[in-house]
Amino acid sequence: MEGELEKDFIKNHYGNLSVEYFEQIILENEKAIIKFAFTYVKDWAVAEDISQEVFIKVYKNIATFNRDSKLRTWLFSITANQCKDYLRKSGKTTKWLNDFFKGLQKQNDENPENILLEHEEKKSIGKALLSLPVKYREVLVLYYYEDLSTEEIAKLLHINSSTIRSRLERGRKQLKKWSEGGLK
Numbered sequence: 403m404e405g406e407l408e409k410d411f412i413k414n415h416y417g418n419l420s421v422e423y424f425e426q427i428i429l430e431n432e433k434a435i436i437k438f439a440f441t442y443v444k445d446w447a448v449a450e451d452i453s454q455e456v457f458i459k460v461y462k463n464i465a466t467f468n469r470d471s472k473l474r475t476w477l478f479s480i481t482a483n484q485c486k487d488y489l490r491k492s493g494k495t496t497k498w499l500n501d502f503f504k505g506l507q508k509q510n511d512e513n514p515e516n517i518l519l520e521h522e523e524k525k526s527i528g529k530a531l532l533s534l535p536v537k538y539r540e541v542l543v544l545y546y547y548e549d550l551s552t553e554e555i556a557k558l559l560h561i562n563s564s565t566i567r568s569r570l571e572r573g574r575k576q577l578k579k580w581s582e583g584g585l586k
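Numbering (the numbering used here), first residue to last: 403 to 586.
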């Protein structure tokens, strides 16, 4: 949420949040929050419920927003915590990225062959990501699919940014090894 809405939010977050402004925050971030939650819980209905909980928390806790952070980073942090709470309470282990790419929209101007190739490539990448340990999957998804910087990921996960860079590098190496047939 870069741009005017982000600037207005940072400037005015400590005041009462108008319904119209809050609706705009939801409109601009809901899909990304649901997709991110899905990478944890692997259930679209649960991911949608979690996103609703996230926005309720945002509305209730707007005064706690750190002005030095980006709103989107704060939203992802709340989402990660909500997902971890859900998994802990439900007794489920973290499930990642199976069907993650189903929600991604295809471009209408591609021919059927390219669409099929893109679909197969995404399935392959999803399978490769599923083969990685959680600590690598988490940072790879946040970095490549949510376009967060290493510093933003570090804040979100409460981990040193050098650790994030290390996990990105190790995750990339394991993905490369997987693509060469070395990981099963």
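Don't be surprised by glycine CBs; every beta carbon is placed ideally from N, CA and C.
When you compare the CB positions of residue i and residue j, do they come within less than 8 Å of one another, or not?
| i | j | result |
| --- | --- | --- |
| residue 362 | residue 484 | In this structure the chain extends from 403 to 586, so residue 362 is not present and cannot be described. |
| residue 435 | residue 481 | yes |
| residue 558 | residue 475 | yes |
Buried or exposed, going by whether 16 or more other CB atoms sit within 10 Å of the CB of residue i?
| i | result |
| --- | --- |
| residue 540 | buried |
| residue 571 | exposed |
| residue 462 | exposed |
| residue 536 | exposed |
| residue 431 | buried |
| residue 577 | buried |
| residue 554 | buried |
| residue 573 | buried |
| residue 569 | buried |
| residue 420 | exposed |
Pick from the options: whose alpha carbon is nearest that of residue i?
| i | options | result |
| --- | --- | --- |
| residue 459 | 477, 544 and 430 | 477 |
| residue 543 | 581, 533, 443 and 438 | 438 |
| residue 492 | 445, 569 and 581 | 445 |
| residue 454 | 471, 428, 530 and 472 | 428 |
| residue 548 | 433, 422 and 424 | 433 |
Which residues in the same chain have their Cβ closer than 6 Å to the Cβ of residue i, if we skip the five residues on either side of it in sequence?
| i | result |
| --- | --- |
| residue 646 | Residue 646 is absent from the model: the chain starts at 403 and stops at 586. |
| residue 509 | Bear in mind that a pLDDT of 44 at residue 509, under 50, signals an unreliable position, so the model cannot answer this. |
| residue 552 | 563, 566 and 567 |
| residue 479 | 558 |
Can you list, in chain order, the residues of its chain with a C-beta nearer than 8 Å to that of residue i? Leave out the 5 residues immediately preceding and following it.
| i | result |
| --- | --- |
| residue 562 | 556 |
Please return the same chain residues whose Cβ sits closer than 7 Å to the Cβ of residue i, not counting the five positions on each side in sequence.
| i | result |
| --- | --- |
| residue 582 | none |
| residue 424 | 461 |
| residue 471 | 557 |
| Any alpha helix (DSSP H) of 4 or more consecutive residues that is wholly inside the region 528-571 | If only uninterrupted alpha helix (DSSP H) runs of at least 4 residues are considered, those enclosed by the region 528-571 are 536-542 and 552-559.
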